[in-house]
Structures are given as C-alpha cells and as structure tokens.
Amino acid sequence: RKKINKALKNKINIKFSNSTDYFEKFKEIYELNLKDNKANKKYFFNEDYYKKIKENLSDNFVLANAFYENKISSSQLLIYGKKFVHCHLLGTLPTAKSTGITNLLHHEFIKWSKNKGFISLHLGGGLNNRDDDSVLNYKKNFSNTISTFYIGENIINQNHYKYLCEKNSKNKKLNKIFKYRNEDQIIF
C-alpha cells in the first residue's frame, strides 16, 4: 500500500488500451528490462511473435501503460479470455522503478480485471522454488491465493517436431520434450 501511495504522489496514471500504437513502446521497455536483468535470450521475442499477438489476439489483449512525467515508463501486456486474465509480459524503465510505478500498475490491473468481470488473474510465478524468491514474494503481496500452475506439452505434429530437433541438434542429447528449443532464437 505504501508503494501505491508513493506512485500516486508521483502523479503516475494508468491507461489501458488495445491500440497497437503502444506496442513499440511496450516492446522497447520490456526488452530494456530484459537487458538490465541479463535475461536469457529465449525471453527476447522476434517481431513475428508480437505481430501474431496483435493479429490473432486482437480482441484478447490489452496493454496497461503507466505514465510518469507524461511518458510511458512501465507497460504490461495482458492476455485474456472470457474468465481469466494472464499478465504475459511486463517492463519498467530503470528511471521509474523507485516511484512505486509497478505496484500501482499491478493494483490497477487487478481493479480493471474485477471491473471487467474476470474471475481469475494469473500474475505468473517466481524465478525458482525457494522461499526467498523476491519475484514470487512481490506477487504474493497482491493476493492471499496461490495456485499451482502446470505447463503441459504434447507433440502434436511429429514431423515438425523432428525437423526442429534436427535443426537445433546441439540439444539432441536432452531426454526432454523441449530438445527442439534453440536458446539463440525463438522459432515459430
């Protein structure tokens, strides 16, 4: 609550929009955040990834933009269905991190979701399974409810899967479903 009040004192305001005009700024902030955090290359998505979101999910995404000193300083990509909202990607400019901007953005995202009638929000998990995971502990501040979240994977197209595995043969020895992954690029 203290950081939300701090953000309000800093005159941060939040606007929700599914206009694709904001996508470039969102992407710029998101990628800057990744670079600052020395994130793995797999989290840097190519232009085609964003294009597919804009085209295929045009009625199922919204950007929550936080404005500080009249410019977008934090932006969050939300993807939703009929009942659920997923916080897909988020980025905040380093110059705004001390303003409470991310806390206010999450707070307003929760209010927006309730007002739209969504019954469940997914903020994502943490970085690991440890009790001292700062990302997960931050997210726990917004709710007393923790859900178990599983990611299931099935191979639907065996031929395409085999092709991707061969293309990324450096992971060939992995005895896992994701041996098709290439850490240097995202393949669609």
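Numbering (our numbering) for the sequence shown: 59 to 246.
Every residue gets a Cβ at the ideal spot worked out from N, C-alpha and C, and that includes glycine.
Between which residues of its own chain and Glu166 is the CB-CB distance below 6 Å, once the five residues before and five after are set aside? Ile72
Have a look at Ile177, Arg188, Ile70 and flag the residue whose alpha-carbon is nearest the alpha-carbon of Thr203. Ile177
Quick one: is Thr160 buried, meaning 16 or more other Cβ sit within 10 Å of its Cβ, or exposed? buried
Could you give the distance in angstroms between the alpha-carbon of Asn68 and the alpha-carbon of Thr153? 13 Å
Please list the segments of the alpha helix (DSSP H) lying wholly inside the segment 71-157, counting only runs of 4 or more residues, in order along the chain. 81-94, 105-114
Under the rule that 16 or more other beta-carbon atoms within 10 Å means buried, what is His249, buried or exposed? Since the first and last residues shown for the chain are 59 and 246, residue 249 lies out of range.
Compute the Euclidean distance between the alpha carbons of Tyr126 and Lys64, then round it to the nearest angstrom. 12 Å
Could you give the distance in angstroms between the alpha-carbon of Asp191 and the alpha-carbon of Tyr80? 31 Å
If you reduce the DSSP assignment to three classes, tell me which class Leu179 lands in. strand
What residue range is occupied by the uninterrupted alpha helix (DSSP H) comprising Asn63? 60-67
Cys223 versus Gln216 - alpha carbon distance: 10 Å
Other residues of its chain near Asp94: CB distance less than 8 Å, five sequence neighbours each side excluded: Pro152
DSSP state of Asn212 mapped onto helix, strand, coil: coil
How far does the alpha helix (DSSP H) with Ser171 in it reach, from first residue to last? 159-173
So, at 8 Å on beta carbons, what are the nonlocal neighbours of Ile87 in its own chain, with the 5 sequence-adjacent residues on each side left out? Ile130, Ser131, Ser132, Ser133, Gly149, Thr150, Leu151
Local Cβ density within 10 Å of Thr206, reported as buried at 16 or more and exposed below that: exposed
Flag this pair as yes or no: are the beta carbons of Phe250 and Leu147 separated by less than 8 Å? Nothing about residue 250 can be reported from this structure: the residues present for the chain run from 59 to 246 only.
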